[in-house]
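Residue numbers (this note's numbering): 525 to 719. Beta carbons: idealized from backbone N, C-alpha and C, even for Gly. What follows is a single structure, written as structure tokens, with notes after it.
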Amino acid sequence: MCLLLNSFNHRTVTDEFTSDDLVALTLLSVNVPGQAALRILGDRDLDYRASLNELLRQIPTEVELVDASDELLKTAEKRWSQVRQNHNVGRTKTSKLSARKRSHLLPVIDSVVTTAVGHIPGKHNFYRDLRAALNADDRRLHNHLIALRDKASIGSDISAIGVFEILAWMWGSGRSPVDDTDTRQPPETRVIDVP
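This is the structure in structure tokens:
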């Protein structure tokens, strides 16, 4: 998911939502409704856009979820709530837009991922619970995700959260990260393309 979200970049604009961000979501089969898109881009409500982008500017681009402070997550949650105010912009669309802008910090949250990890919306805070899991046992999960990324040779630009998204989505959708039918590579390095 993170690979597709970041593959559509005509220009990199980190601290404001652009039309490129909305087009990138279509690569993940997500369409932001027209009225919401116009509001996010400022065509309908300049104050809303300014407020949304100001909150985005307060969230550094390279902070990983494992290192995020409570205050930083509070700011991210405020921005999340602002995006969710738009009609027909739910959890999945909001999280994919968030992941597009802050891929090291905010993973995609969709029904496949939440089912895979046993998240109950409204009862648990996905980001805070995942941060706690990444930090548990001296960052065991975080370090394991980085080791998997390195073994798969997908690039250091993919964060631990990106690896988490891929694995949770593949496991939750019944897909295997290893293609046992591909005999062109040794078994320990065969990794299928991310759908």
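Report the three-state DSSP secondary structure of residue i (helix, strand or coil).
| i | result |
| --- | --- |
| His-666 | helix |
| Leu-527 | Confidence at Leu-527 is low in this model, with a pLDDT of 47, below 50, so the placement of that residue should be treated as unreliable; the coordinate-derived value is given next. Looking at Leu-527 - three-state DSSP - the assignment turns out to be helix. |
| Asn-659 | helix |
| Gly-696 | helix |
| Val-632 | coil |
| Glu-578 | helix |
| Leu-597 | helix |
| Gln-559 | helix |
| Asp-569 | coil |
| Ser-683 | coil |
| Thr-486 | Look at the range of the chain in this structure, 525 to 719, and you will see that residue 486 is not part of it. |
Sorted by chain position, which residues of the same chain lie with C-beta nearer than 8 Å to residue i's C-beta, five sequence neighbours on each side aside?
| i | result |
| --- | --- |
| Thr-599 | Leu-579, Gln-582, Ile-583 |
| Thr-707 | Low confidence applies to Thr-707: its pLDDT is 49, below 50, so where it sits in the model is not reliable, and the reading given next is rough at best. Taken in chain order, the list of residues that qualify is empty. |
Can you pull the DSSP bridge partners for residue i?
| i | result |
| --- | --- |
| His-648 | Pro-645 |
Going by beta carbon distance, what residues of the same chain come within less than 7 Å of residue i, once the five residues before and after it are set aside?
| i | result |
| --- | --- |
| Ala-640 | Ala-692, Trp-695, Gly-696 |
| Ala-656 | none |
| Leu-665 | Ala-657, Leu-658 |
| Ser-543 | Leu-565 |
Which residues in the same chain have their Cβ closer than 6 Å to the Cβ of residue i, if we skip the five residues on either side of it in sequence?
| i | result |
| --- | --- |
| Ser-700 | none |
| Gly-566 | Arg-573 |
| Ser-622 | Leu-630 |
Which residues bound the alpha helix (DSSP H) around residue i?
| i | result |
| --- | --- |
| Thr-618 | 615-625 |
| Thr-550 | 543-550 |
For chain C, check one thing: does any of its Cβ atoms lie closer than 8 Å to the Cβ of residue i?
| i | result |
| --- | --- |
| Gly-566 | Looking at the structure shown, chain C is missing, and only one protein chain is on hand. |
Requested in this report: Decide if the stretch 547-564 is in contact with the stretch 604-613; the criterion is three or more beta carbon pairs, one per stretch, under 8 Å apart.
Outcome: yes
**Report entry** Contact between the stretch 621-639 and the stretch 586-594 (3+ Cβ pairs under 8 Å)
**Finding:** yes
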